[in-house]
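Enquirer: Structure below; questions to follow.
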Ligand SMILES: Nc1ncnc2c1ncn2[C@@H]1O[C@H](COP(=O)(O)OP(=O)(O)OP(=O)(O)O)[C@@H](O)[C@H]1O
Ligand SMILES: [Mg+2]
């Protein structure tokens with residue numbers, strides 16, 4: 057399997073919650089110029105594995121991660137790694153839109169401000185505008201930047217959260233079922249956005265919706281019982297899976 061620009065690479069990653077193992081010896085390499093979809097039945101470890109990629113599991117006391125994860129060849133679990141910096145480089149968008157209870161402007165400006173990315177108010181305003189444009193939300197909010205982020209519709213809130221992730225100039229964006237709380241129109245909007253963002257960021261999306269995985273991703277990883285069962289080109293995973301468990305899942309035998 058050839059990868060054009062390896063960006064994130066996991067080697068033999070396992071995760072335990074206390075004595076219970078949730079992810080088993082997963083090795084996978086994700087590329088800069090592709091969208092990677094993680095699919096698999098509920099409880100198979102998709103979110104747990106996704107969270108290892110920006111050390112979100114650090115916030116769960118019982119979670120223990122082993123193995124190695126490299127971002128541009130650099131070990132993200134090395135003691136020298138600045139975790140705040142890492143989470144700016146590897147941003148995350150959650151299942152339920154979670155804007156801060158602050159204005160639309162402040163939601164996007166917060167990250168660039170704490171990371172010192174703007175030299176003044178004008179530059180901060182430019183970053184906010186650029187991020188909202190890139191997230192496909194600018195036209196809908198440009199006249200109400202002082203309104204609360206929580207006053208937007210669900211789909212708009214999710215695009216605001218994507219703008220917030222983009223604003224700190226990330227390299228990778230992790231999305232954990234970003235559309236599961238959205239209606240079909242808002243979902244289509246996010247899928248278009250993912251297509252637009254492809255190539256600018258390495259994108260990983262967890263989804264239960266196999267049509268969505270087929271539409272938005274170039275590569276798909278199928279997880280089952282904590283294992284990475286099969287990883288390959290999305291077209292091949294959906295038309296000619298090599299593993300019986302993948303075939304059973306995509307044909308709806310379980311899930
Ligand atoms: N904070 C936690 N503490 C203990 N166990 C957890 C925790 N989070 C997840 N688990 C367990 O780890 C396993 C994998 O969960 P995970 O949330 O990663 O699955 P998932 O594939 O994302 O499922 P879903 O599709 O339902 O979101 C499950 O058995 C789950 O119960
Ligand atoms: Mg999950």
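Numbering (the working numbering), first residue to last: 57 to 311. We treat Cβ as the ideally placed atom computed from N, Cα and C, and that holds for glycine. As the structure is a prediction and not an experimental result, all values here were calculated from the model.
Should residue 278 and residue 285 be called a contact, given that it needs their Cβ atoms to be closer than 8 Å?
Expert: yes
Enquirer: Check the C-beta distance from residue 123 over to residue 69 and give it rounded, since I have them as a contact under 8 Å.
Expert: 4 Å
Enquirer: Starting from residue 267, follow the alpha helix (DSSP H) in both directions and report where the run begins and ends.
Expert: 266 to 272
Enquirer: Going by Cα to Cα distance, which pick from 65, 99, 85 is closest to residue 76?
Expert: Nearest C-alpha to residue 76: 99.
Enquirer: State the DSSP-derived secondary structure class of residue 247, mapped to helix, strand or coil.
Expert: helix
Enquirer: Check whether the Cβ atoms of residue 237 and residue 152 sit closer than 8 Å, and answer yes or no.
Expert: yes
Enquirer: Candidates 303, 288, 297: which alpha carbon is nearest residue 85's?
Expert: 288
Enquirer: Kindly examine ligand 1 and report whether one of its heavy atoms sits closer than 7 Å to the Cβ of residue 305.
Expert: no
Enquirer: With H, G and I counted as helix, E and B as strand and the rest as coil, what does DSSP make of residue 76?
Expert: Assignment of residue 76 by DSSP, reduced to helix, strand and coil, places it in the strand class.
Enquirer: Could you tell me if residue 291 is buried or exposed, where buried requires 16 or more neighbouring beta carbons within 10 angstroms of its beta carbon?
Expert: exposed
Enquirer: Just the residues with CB closer than 7 Å to a heavy atom of ligand 2, in chain order, which are they?
Expert: Listed along the chain, these residues meet the criterion: 102, 103, 232, 233, 262.
Enquirer: Closest to residue 63 by CA distance: which of 89, 141, 78 is it?
Expert: 89
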